[in-house]
Amino acid sequence: MTTTSIPTVSAAISTRRDAGSGALIGYLPVGFPDLQTSIDAAVALAENGVDVLELGVPYSDPVMDGLVIQKATQQALEQGFRLRDVFTAVEAIRSRVDIPVLVMTYWNPVVQYGVDRFADDLVSAGGSGLITPDITPDSAADWIATSDRTGLDRVFLAAPTSTDARLRDTVAATRGFVYAVSTMGITGLRVDLDAAARTLVARLTDAGSTTTCVGIGISTPDQVNQVLHYADGAIVGSVLVKSLAEDGIAGLVRTASALARGTSLV
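Residue numbers for the sequence shown, in the numbering used here: 16 to 281.
Right, here's the structure in full:
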């Protein structure tokens, strides 16, 4: 069990906002290419400009993930990933760097593990909360109650196709930040970000959101900078996973450092 206080996502983003810049949120799957390397890679992100870590749980039916992340998570599963590895990874990372760690997971693994048990083990490991891409607030009563009991952040997703009523519900239920999906589709690298992201962030602000981060399709420092001119954070995944797969942690560090240069708004 971690003995240090758990850093909050909102505090990390506020620190960036107060400094006149924006937050960089980096995704990596647990167990890729193996458990220890995934821990070392996450620590490397934290030491090279990433403000919040998003650890993905490998899943056999990843409906939101693009090919790069699908291949990585499939490799992790083939090498024997177990759900308890998530807590091992979070605790190991938090023992080395003081940074908020969110776990991105489809809902079924949480249900199979037990919602309360999952939350308690995540708190014990030093995790800050969950990103849950496949449940909406109106279907997440158990998770909302459990996260209220434990104080964990709960990040729900908002899409360009969401109605204004859905956006208001999402904002009201979310704690940490609202995850604005930049474009419809799966994760992956894109040359141009969908202009719908800017409109969605404005709609979320109108719906009451005070902290909104944009994800999907962000892969360059210029795209990070572009997003941070209208959102509080930029979420990057596929290009980091691709760098780790092709060039190991050294390549990952180069990519993270380059992306971090895009967070300056001066």
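We put the CB at the ideal spot given by N, CA and C, even for glycine.
Beta-bridge partners of Gly41 (DSSP): Leu68 and Val251. Annotation: Ala273 to Pro236 spans about 6 Å, alpha carbon to alpha carbon. Nearest neighbour of Thr278 by Cα position, chosen from Asp168, Leu70 and Leu39, turns out to be Leu39. With contact defined as three or more Cβ pairs closer than 8 Å, the segment 60-67 and the segment 26-37 are in contact.
Of all C-beta pairs linking the segment 188-200 to the segment 226-241, three or more are shorter than 8 Å, placing the two stretches in contact.
Within its own chain, the residues whose Cβ lies closer than 6 Å to the Cβ of Leu172, once the five positions on either side in sequence are excluded, are Pro148, Tyr194 and Val196, listed in chain order.
For Leu145, no alpha helix (DSSP H) run applies; the uninterrupted beta strand (DSSP E) run containing it begins and ends at Gly144 to Ile146, by DSSP. Here Arg109 is buried: its Cβ has 16 or more other Cβ atoms, across all protein chains shown, within 10 Å. Following the DSSP letters along the chain, one finds Thr88 inside the alpha helix (DSSP H) bounded by residues Leu82 to Glu93. Val239 is not a Cβ neighbour of Ala246, given a cutoff of 8 Å.
Counted as a single uninterrupted DSSP element, the alpha helix (DSSP H) harbouring Leu137 occupies residues Val130 to Ala140. Val105 and Leu137 do touch by the CB rule: their CB atoms are close to 7 Å apart, below 8 Å. A distance of 8 Å or more separates the beta carbons of Lys257 and Val72. DSSP places Asp33 in the helix class (H, G or I) of the three-state scheme. Distance between Asp163 and Asp135, taken at the CA atoms: about 12 Å. Arg218 has its alpha-carbon roughly 30 Å from the corresponding atom of Asn123. If you keep only unbroken alpha helix (DSSP H) runs of at least 4 residues inside the segment 143-228, you get 156-165, 179-188 and 211-221. Taken through DSSP and simplified to helix, strand or coil, Gly266 comes out as helix. Taking all protein chains in view, the Cβ of Arg132 is surrounded by fewer than 16 other Cβ atoms within 10 Å, so the residue is classified as exposed.
The segment 86-96 and the segment 141-159 do not touch, with fewer than three beta-carbon pairs separated by less than 8 Å.
Of the other Cβ atoms in all chains shown, 16 or more fall within 10 Å of the Cβ of Leu50; this residue is therefore buried. Gly232 has no beta-bridge partner at all, per DSSP.
By the neighbour-count criterion, in which a residue is buried when 16 or more other Cβ atoms sit within 10 angstroms of its Cβ, Arg97 is exposed. Between Leu259 and Gly35, the gap from beta carbon to beta carbon reaches 8 Å or more.
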